[in-house]
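Novice: For the sequence shown, the working numbering assigns the number 7 to the initial residue and increments by one for each residue that follows. Backbone N, C-alpha and C fix where the C-beta goes; we use that ideal spot for every residue, glycine too.
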Amino acid sequence: MTQFQGGAVTEWGKVAFDDLPWADVDGHDEATNSPTRGRGSFARAMRAVALAKEAGIPLRVMQVLTRSTADTATEFYDHFAAIGCSPGFFMVK
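(1) With a cut-off of 8 Å, do at least 3 Cβ pairs link the stretch 50 to 57 to the stretch 75 to 85?
(2) To which residues of the same chain is residue 36 closer than 6 Å at the C-beta, ignoring the five residues directly before and after it?
(3) Can you name the residues that DSSP bridges to residue 86?
(4) Pull up the DSSP beta-bridge partners for residue 41, would you.
(5) Look up residue 97 in the DSSP assignment and give the residues it is bridged to.
(6) Does the distance from the CB of residue 75 to the CB of residue 33 come in under 8 Å?
(7) Just confirm the distance between the C-beta atoms of residue 65 and residue 29, as a whole number of angstroms; I'd bet it's less than 8 Å.
(8) If we count the other Cβ atoms within 10 Å of its Cβ and call it buried at 16 or more, is residue 87 buried or exposed?
(9) Exposed or buried, residue 41, counting other C-beta atoms within 10 Å across all chains shown (16 or more means buried)?
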């Protein structure tokens, strides 16, 4: 499994993965992602997702569900499915 913090990726090279890489994103928009990952982290993560798509690298996403985001799992799934990310998993915190 290859896992990365979405905001840490600035460029994708040609890399061989043993499995689909995972992006840790804790919300489907800035408001739901920021409390866990920090302000601006959603935009950085989405940039990493876009770079992966441009490089032809398929991604899975995962979300840490907290008390404040537990009711957003459906929106999270729908958002990332709509932009071509494979469903990953949810962790409950």
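Specialist: Inspection of the coordinates gives the following:
(1) no
(2) Here residue 36 is taken as the residue at index 30 of the sequence shown, counted from 1. Closer than 6 Å at the Cβ level, and outside the excluded window around residue 36, lie 48.
(3) Residue mapping note: residue 86 aligns to position 80 of the sequence shown, counting from 1. Beta-bridge pairing links residue 86 to no other residue.
(4) Translated into the one-based positions of the sequence shown, residue 41 becomes position 35. According to DSSP, which records beta bridges pairwise, residue 41 is partnered with nothing at all.
(5) As a first step, residue 97 is located in the sequence shown; it is residue number 91 there, counting from the start. Paired residue(s): 70.
(6) Residue 75 sits at position 69 when you count from the first residue of the sequence shown. Residue 33 sits at position 27 when you count from the first residue of the sequence shown. Yes. Within cutoff.
(7) The count along the sequence shown starts at 1 and reaches residue 65 at position 59. The count along the sequence shown starts at 1 and reaches residue 29 at position 23. Between the beta-carbon of residue 65 and that of residue 29 there is about 5 Å, and that keeps the pair under the 8 Å contact cut.
(8) The residue given as residue 87 occupies position 81 in the sequence shown. So residue 87 counts as exposed.
(9) Sequence index remark: in the sequence shown, residue 41 carries index 35 (1-based). Counting Cβ neighbours within 10 Å, residue 41 comes out exposed, since fewer than 16 surround it.
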